[in-house]
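Everything below concerns the one structure shown next.
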Amino acid sequence: MKTHPKKRIDIMVEVPLMQRVINLLDQQGIGGYTVLPVLAGRGKDGAWHRDGVVGRAGALVMIFCILDETRVDEVLEPLFALVSRQIGIVTVSDVQVIRPDHF
Amino acid sequence: MKTHPKKRIDIMVEVPLMQRVINLLDQQGIGGYTVLPVLAGRGKDGAWHRDGVVGRAGALVMIFCILDETRVDEVLEPLFALVSRQIGIVTVSDVQVIRPDHF
Amino acid sequence: MKTHPKKRIDIMVEVPLMQRVINLLDQQGIGGYTVLPVLAGRGKDGAWHRDGVVGRAGALVMIFCILDETRVDEVLEPLFALVSRQIGIVTVSDVQVIRPDHF
Amino acid sequence: MASALDLAVANLVSPMVLFFVLGLVATLARSDLSIPEAIAKAMSLYLMMAIGFKGGASVAQPGLDAKLGLAILAGIILSAAIPLVAFRLLMLTSTLPRVDAAAVAAHYGSISIVTFLAATQALEISGIKFEGYMVAVAAAMETPAIIAALWLARTGESRMDSMTVREVMLNGSIVMLVGSFLIGIATGADGLKVIAAFIIDPFKGILCLFLLDMGIIAGRGLREGRKNLTLPIILFGLYMPLIGGALGALASWLVGLSLGSTALMITLAASASYIAVPAALRLALPEARPAIYLPLSLGVTFPFNLTLGIPLYVAVAAALH
Amino acid sequence: MASALDLAVANLVSPMVLFFVLGLVATLARSDLSIPEAIAKAMSLYLMMAIGFKGGASVAQPGLDAKLGLAILAGIILSAAIPLVAFRLLMLTSTLPRVDAAAVAAHYGSISIVTFLAATQALEISGIKFEGYMVAVAAAMETPAIIAALWLARTGESRMDSMTVREVMLNGSIVMLVGSFLIGIATGADGLKVIAAFIIDPFKGILCLFLLDMGIIAGRGLREGRKNLTLPIILFGLYMPLIGGALGALASWLVGLSLGSTALMITLAASASYIAVPAALRLALPEARPAIYLPLSLGVTFPFNLTLGIPLYVAVAAALH
Amino acid sequence: MASALDLAVANLVSPMVLFFVLGLVATLARSDLSIPEAIAKAMSLYLMMAIGFKGGASVAQPGLDAKLGLAILAGIILSAAIPLVAFRLLMLTSTLPRVDAAAVAAHYGSISIVTFLAATQALEISGIKFEGYMVAVAAAMETPAIIAALWLARTGESRMDSMTVREVMLNGSIVMLVGSFLIGIATGADGLKVIAAFIIDPFKGILCLFLLDMGIIAGRGLREGRKNLTLPIILFGLYMPLIGGALGALASWLVGLSLGSTALMITLAASASYIAVPAALRLALPEARPAIYLPLSLGVTFPFNLTLGIPLYVAVAAALH
Ligand SMILES: Nc1ncnc2c1ncn2[C@@H]1O[C@H](COP(=O)(O)O)[C@@H](O)[C@H]1O
Ligand SMILES: Nc1ncnc2c1ncn2[C@@H]1O[C@H](COP(=O)(O)O)[C@@H](O)[C@H]1O
Ligand SMILES: Nc1ncnc2c1ncn2[C@@H]1O[C@H](COP(=O)(O)O)[C@@H](O)[C@H]1O
Ligand code: NA
Ligand code: NA
Ligand code: NA
């Protein structure tokens, strides 16, 4: 079946920042995004665990969006400006999709 | 350590469709699959959020399966027939595994 | 925007094993890891579903870590020794990151 | 009608309605107030268990009302008939494509258990009794509307296969409601005593929390809906309950239901589904857009019924007796 | 034995058992009825808290029964001895590999707290008292069976290292049970009064909801299990509780427990673990297949004990007094 | 001060504190005991609903205390002033960078609702009344401290934009607390009667479970914190509540609050936030390290206040009357 190459950006970001990242993706006119729950993790800023956490701080979520290679930089630059001071990580990887028009 | 190339199919699908996708994977004799929870998202059919949603409609899950390149099309074609009219997306990507026999 | 190639190791492991895998990653001096919840799945050891499961057994989580290609084997070998007798799977894939120093 | 007005006011300032408003306002003000999915599901199961069990236990009382069968039959007919009316009205007044009109119609034939619960509370306030079997009527009204709507949609490729039918009939909420109803019948008053401290005492408080969540969802629906809900559709969400309710009143009168049961039958007919029907339609009628029927049912009709509708339906029922 | 029959019937039509059946039937009928994991965990913690606290508070009463120590000792011996019997029987009657037989055996040496809870409810119905320290006995019986089974498995590479031991001893459920028991002792009747409205009043209702979930899990276990459970294994799941229970009766008689505590000791000996042991074995005996021991414990033995076993055990205890 | 000692002891052996200790010890012993996130969130919402509603309902009683306005004003001033003191002390005694010192300071100006709840329980034990409007004071004290701290941090790029302000003001917990407070005022004693079985009866038990969770989180905080918390910082976490509490006592005396309300005002001033402030600072002051302020607030100050602080604050309030 014919598939088409796209890029997937994975953004691990603190819950308090989530809405801002989503707004940014909307402003960039991205076709869509998905938010995944995250249970726990460790990084240079220490370890955290979702269980029992009452407030929104101290926990992270994962936001990923599939988009065309040509649009990656439009997203990465403002995104980096937004999250560079925050806890979290961003990765980019290759994926294939069936309906290129969708993204 | 020696690794072997496989394919990973990621299927974002509406919860009501989940069982059908799983049945399809079973019929295709896929070695296995995994279902991940999804918190929220936005696409051309609008935004949704898991919190507070009581029914099964209006929320999505992510199903991924690792399989051999040779089997990708066997899965993609019936899968596409099943989900093409639904809300959701499908992506394919490359992964390496340690135990090729497992998949 | 300039990105740098890294590897992503995805480890599906039984909840009772989780802490051991995390300890192993810590011992290997990995920069960090993230644990994702998993809802359900099926493999050669049968199907399982998170709903209603009271104990820790019979459910899995997903641990992934981004690291440098050069470190992959240091992690894979002891990891394989740890999980080879258990239920679960391990995959390795390519990702790009913005801050190489972070990993 | 003074008493009706009193009830209307009493209803509007009841903790239930006020917590609904709190959730609605907080969400429209973009607060991040939210109820975790797992809690919402658990509260929904709890409410099904409580209302089902109580209904069953009261049916178990000596002197089971012979009208049970008739009432259920009337409910099934209402559930199947209301979509026909709703569909016509939508095709006349709105520019909705056939498939969307049919999908929306299905929601108004089916029912909303929470609206039903709120009505039982209003009856309690006014000290009006109702028959326990109305729970069975509610359960019976959930699905016929779906069949009717699929027929209306007349899409060759509708997927109402056997698997879908089973999934619709056996969806968790209905099973919990009917199962608890049967257990209530089996264990009767004694069984009720055993778990009363769980399903009766905290009931109203949990209903408040659940309505807070409904308010949050309704608020999200309204925010999302703005884009898709045209004025004719919104108006439909306001007058359709009245039409459905009128048919419900007629049916109750024909069956000869008691005052309380009449009020509940009107409420059921006037309420719109947001659990069973959407899930079924995603399977059987995927072309229909949830972005239309979910905000309309949750964001327009549910708030209307909860605040103004219910007191009105009780008043009408009173006027008929 | 009429009263035994009455109890058996009363037990079978109790809301608890009926909700268990509802969950079982719904799942076998492939309904999507399910309890979110977070809720199941919370209910399990709640039950541990309630049973532990109540037990502790009653132990705190003046006149602590000197038999506490003896009863705990008897429990530990039972937990370690039953696996030996179970293992032999499995090796004789089934074709299970050594490691799986040992794993299954461990489950029957250990205990199921929910079965224990159901038994306390049955005693309440029959107005039979029992000593609060039986909760401590239950806790003490959780783990010895695991050690015994690892010894039986005799795999060179068993992973029962210090970390595993700590994890098994300190698994959340046991900590909650024992911790609440100690808090109950510390705060006594006054403390109980403070939180009675939380841990006593709604207790039975929450137990119903929890048993609904157990029914769902048992149903899943049966559906999954079909593939792996051969007839000899299924039979083992039915007669092993009777053998374990008999040993429990013997121990109770030797210790000289009261009627109620005897019934509970028999129930503990007859019940099979599905929380502590599986988690421990995945660490210490990964070769053993959960697909065997989970469905057997959850899908066969638990339902048997809940429906027929408990009334029988109470009857036996009564016959011994 | 005998009675103060009695209260101190009574407090230490209350189920609430003991369950907190259980969670703390279990976590330090590396047990996997944990409360699912969804449950923790639900309990937190429940506590906000209960305390808010009760406060509002009591305010609704005839004879609303005119001091309400003054008390709220005093609370706001305390919330804004305490960070200035805290900040100076941290800059003097610790090597914390300016931005971290400001962040920590913000937490001590703001408040912890659970500490407030524990204090109300201690008052109940001693049969001391307090004004319902103290809930409103608590809500009013949540945010001023954040503004003060941002000003202290003086980082050019602080992100306290309008969106952040809205998010802080409308964070779920505050909305639930204030909303329930208003609903309590609107529905008064009647409304309270309707849901008393939900928000009053099981309240203490749920508080125990919530404190168990707080103990678990505090334990995690301590384990994580070891790395980052130097002695001067830990000491700050112990003496700062006393300083804040003293200022609270002064304010209460100036306003002329009742004994009970004075104890609560002292507690609020002495408590440190761990919900509203951290979330706000991650947005407005991302350079500040949560690894410093979270363990300090949760692992040091909260346990201190819960165990020793509260009885002391009640005693001081008593001494002032
Ligand atoms: N190398 C990594 N691999 C996977 N996840 C990571 C990695 N580094 C950081 N994370 C995740 O990102 C969060 C924040 O990272 P940090 O800002 O380094 O503390 C961590 O808590 C992890 O959940
Ligand atoms: N470009 C995208 N990247 C990531 N997730 C997407 C994307 N487009 C859609 N999705 C996800 O798929 C769901 C359905 O997409 P749609 O059918 O376009 O509304 C959305 O709610 C998102 O969760
Ligand atoms: N081919 C696969 N693709 C995706 N997930 C898999 C696959 N095989 C196994 N899994 C996951 O790994 C778990 C354990 O696999 P197994 O050990 O084969 O039973 C399964 O329950 C699935 O959640
Ligand atoms: Na209707
Ligand atoms: Na046993
Ligand atoms: Na403070």
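Residue numbers (this note's numbering), protein chains in the order written: chain A, 28 to 130; chain B, 28 to 130; chain C, 28 to 130; chain D, -4 to 316; chain E, -4 to 316; chain F, -4 to 316.
We put the beta carbon where it would ideally sit given N, CA and C, even for glycine.
What you are looking at is a predicted structure, and each value in this text was computed from that prediction instead of being measured.
*Pair within 8 Å by beta-carbon distance, D/Val8 and F/Thr257*: no
*Identify, in the order they occur along the chain, each residue of the same chain with its Cβ nearer than 6 Å to the Cβ of E/Ala246, setting aside the five sequence neighbours on each side.*
Ala69 and Leu73
*asked:* With a threshold of 8 Å between beta-carbons, can F/Glu137 be considered close to chain A, or not?
replied: no
*What is the residue span of the beta strand (DSSP E) that B/Gly70 lies within?*
Ala67 to Gly70
*Assess, as a yes-or-no matter, whether the segment 82 to 100 of chain F is touched by the segment 2 to 18 of chain F under the definition of 3 or more beta carbon pairs within less than 8 Å.*
no
*For C/Thr97, which of C/Thr30, C/Gly73 and C/Lys34 has the nearest alpha-carbon?*
C/Lys34
_Closest to F/Ile142 by C-alpha separation, out of F/Leu79, F/Val20 and F/Ala45, would be which residue?_
Minimum Cα distance to F/Ile142 is reached at F/Leu79.
*By the criterion of Cβ-Cβ separation under 7 Å, what are the contact partners of A/Pro43 in chain F?*
Ala274, Arg277 and Leu278
_Proximity below 8 Å, CB of C/Val117 to CB of C/Val124_ = no
*Beta carbon proximity, E/Pro31 to chain C, threshold 8 Å*: Contact with chain C is found for E/Pro31, since one of that chain's Cβ atoms lies less than 8 Å from the residue's Cβ.
*Is the Cβ of C/Val119 closer than 8 Å to any Cβ of chain B?*
True, the Cβ-Cβ gap to chain B drops below 8 Å.
*So, D/Lys222 versus E/Pro31, is the Cβ gap smaller than 8 Å?*
no
*Do D/Gly304 and ligand 4 come close, with the Cβ less than 7 Å from some heavy atom?*
no
*For the 8 Å Cβ check, are there 3 or more pairs between the segment 211 to 218 of chain E and the segment 41 to 59 of chain F?*
Short answer: they don't touch.
_Suppose you measure from the CA of F/Leu118 to the CA of D/Val12; what does that come to, to the nearest Å?_
Their Cα atoms are separated by approximately 33 Å.
_When you compare the segment 290 to 303 of chain E with the segment 122 to 142 of chain E, are there three or more beta-carbon pairs, one atom per stretch, that lie closer than 8 Å?_
no
*Tell me, which residues are paired with B/Gly120 by DSSP?*
This sequence places Ser at residue 120 of chain B; Gly is not what is there. Looking at the DSSP assignment, B/Ser120 forms a beta bridge with B/Arg35.
*Below 8 Å CB to CB, which residues in the same chain sit around D/Phe205 once its five sequence neighbours on both sides are set aside?*
Ala35, Met38, Ser39, Leu42 and Val109
_Contact residues within the segment 83 to 95 of chain B, judged by C-beta distance below 7 Å to chain C_ = Taking 7 Å as the Cβ-Cβ cut-off against chain C, the residues of the segment 83 to 95 of chain B that qualify are Val88 and Ile93.
*Check whether the Cβ of E/Ile77 sits closer than 7 Å to any heavy atom of ligand 5, and report yes or no.*
yes
*Using a Cβ-Cβ cut-off of 8 Å (strictly less than) and excluding sequence neighbours within five positions of E/Val309, which residues of its own chain qualify?*
Ala(-1), Leu2, Ala114, Ala117, Leu118, Ser121, Ile123 and Ala258
*Determine contact between the segment 278 to 293 of chain D and the segment 56 to 76 of chain B, defined as no fewer than three beta-carbon pairs at a distance below 8 Å.*
yes
_Let's test the definition: count the other Cβ atoms within 10 Å of the Cβ of D/Ala148 and tell me whether it reaches 16, buried, or not, exposed._
In the assembly as shown, D/Ala148 is a buried residue. Its beta-carbon has 16 or more other beta-carbons within 10 Å.
_With a threshold of 8 Å between beta-carbons, can D/Ala52 be considered close to chain E, or not?_
With 8 Å as the cut-off, D/Ala52 does not count as an interface residue toward chain E.
*Looking at C/Ile90 and ligand 3, is the gap between the Cβ and the nearest heavy atom below 7 Å?*
Relative to the non-hydrogen atoms of ligand 3, the Cβ of C/Ile90 never comes closer than 7 Å to any of them.
*Is the CB-CB distance between F/Gly243 and F/Leu263 below 8 Å?*
F/Gly243 places its beta carbon less than 8 Å from that of F/Leu263.
_Per-residue contacts from A/Leu63 into chain B (C-beta, under 7 Å)_ = Neighbours of A/Leu63 on chain B, chain order: Leu63, Val65 and Leu66.
*asked:* Measuring alpha carbon to alpha carbon, tell me which residue in F/Ala75, F/Ala66 and F/Glu126 is nearest F/Ala101.
replied: Checked all of F/Ala75, F/Ala66 and F/Glu126; the closest Cα to F/Ala101 is F/Ala75.
*asked:* Please report the straight-line C-alpha distance between E/Pro197 and A/Leu63, rounded to a whole angstrom.
replied: CA-to-CA, the gap between E/Pro197 and A/Leu63 works out to about 35 Å.
_Complete runs of the alpha helix (DSSP H) confined to the segment 32 to 72 of chain E [at least 4 residues]_ = Whole alpha helix (DSSP H) segments, 4+ residues: 32 to 55.
*Alpha carbon to alpha carbon, what distance is there between E/Ile194 and D/Ile169?*
29 Å
*Give me whichever residues DSSP pairs with F/Trp146 in a beta bridge.*
DSSP, once it has assigned bridges, lists no residue as partnering F/Trp146.
*Going by CA-CA distance only, name the one from E/Pro290, E/Leu307, E/Ile261 and E/Arg277 that's closest to E/Phe125.*
Between E/Phe125 and the set E/Pro290, E/Leu307, E/Ile261 and E/Arg277, the nearest pair of CA atoms involves E/Ile261.
*Mind checking if A/Asp70 is an interface residue toward chain B, Cβ cutoff 8 Å exclusive?*
Position check: residue 70 of chain A holds Gly in this sequence, whereas Asp was assumed. So no, A/Gly70 is outside the interface.
*By a C-beta neighbour count over all protein chains shown, 10 Å radius and 16 as the cutoff for buried, is A/Gln54 buried or exposed?*
Taking all protein chains in view, the Cβ of A/Gln54 is surrounded by fewer than 16 other Cβ atoms within 10 Å, so the residue is classified as exposed.
*Contact test: E/Leu70 Cβ vs ligand 5 heavy atom, cutoff 7 Å*: Correcting the residue identity first, residue 70 of chain E is Gly in this sequence and not Leu. No, the Cβ of E/Gly70 stays beyond 7 Å of every heavy atom of ligand 5.
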